[in-house]
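I have placed the structure first, in the form of structure tokens, so that the comments after it can refer back to it.
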Amino acid sequence: MTISFVLTGVARGELNIMSHLRGHTNTIRLCDSMIREPFGLASVFTEYCHWGSCSDLIDRHSTQPGGALHIRESWLWQAFKQLAAAINYLHTGGGDSSWAPILHLDLKPSNVLLTPGFAGPNIKVADFGSASCIPRGIIGSQTFMGHYAPPERYFYSQGTFTDVWGVGAVMITLCQLKHRIPRAKSVGWKYSGALADAVKWCLYDHHAMRVDSRNLSRLLNGLCAHVNMNTTEGVPPIPPIC
Ligand SMILES: Nc1ncnc2c1ncn2[C@@H]1O[C@H](COP(=O)(O)OP(=O)(O)OP(=O)(O)O)[C@@H](O)[C@H]1O
Ligand SMILES: [Mg+2]
């Protein structure tokens, strides 16, 4: 279990959203919370993710003694599909017509955690401190994506397309093993054209050009069906040293 301390105002929104999620496999599970009114602080207890975050994974792969070791493409597709499943769930509740869409608005490698899994680590989207429910209004809502900020942050209101950008941002940094989005927005020559296309469709500067979050999973399944997943290029995700 992990504890984070947040201001009560932020915590109320975060807790409200996390309790709403009821444990989708690719979103972090809330274990407990404590609001300490007199101090204006709250503690949020979440499941502990033994593999750390995608940011930690990038560090492990980029700082190997013999030079950077890029991540095997088959796992990148798994991560991509799980991220797509997580945002589709946030945005649609998996098809629940009474669902109030949730926007994460702060998807970046340090907010995407990893738990041990059968075919490499599994994705857990975490840190709902910037998240917003659409009915409460998102126009002008503040995001904190720093190096990963989408262009619309400065020009338009944000929407589900902002989380699609966040997924693309996480994927391109996992491909490039860098802590920022490269200027050319390229996944690099080590990966297939299909992966390059899928990432590109998430990272169009103009939000209207990006793939719709409701269609992303289907698009990824279609694209990866044509990719050779048996290649031994790159290495499986490197686990943390215990
Ligand atoms: N539940 C968890 N299980 C395992 N590691 C975690 C967990 N929550 C956070 N971490 C670790 O803490 C690191 C920092 O996370 P944190 O959300 O505090 O900072 P940040 O995302 O870099 O910044 P911020 O969220 O304030 O913008 C993560 O990269 C990860 O290594
Ligand atoms: Mg964070």
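When we follow full-length UniProt numbering, the leftmost residue of the sequence shown carries the number 1, and every step to the right adds one.
Each residue gets a CB set at the ideal place from its N, CA and C atoms; glycine is no exception.
Looking only at H206, S213 and Y191, the smallest Cα-Cα distance to T160 is reached by S213.
M34 carries a strand assignment under DSSP once its states are collapsed to helix, strand and coil.
A straight line joining the alpha-carbon of G93 with that of I87 spans about 9 angstroms. Here C49 carries a coil assignment [DSSP, helix/strand/coil]. Secondary structure note for I123: its beta strand (DSSP E) is the uninterrupted segment N122 to V125.
In the structure shown, V211 adopts coil according to DSSP, grouped into three states.
DSSP places S55 in the helix class (H, G or I) of the three-state scheme. The Cβ atoms of L223 and A184 lie no closer than 9 angstroms to each other. Rounded to whole angstroms, the separation of the alpha carbons of P240 and N122 is 14 angstroms.
Listed as beta-bridge partners of T92 by DSSP are no residues whatsoever. Exclusion of the five residues before and after L177 leaves I58, H61, S62, A68 and H70 as the residues of its chain whose Cβ lies within less than 7 angstroms of its Cβ.
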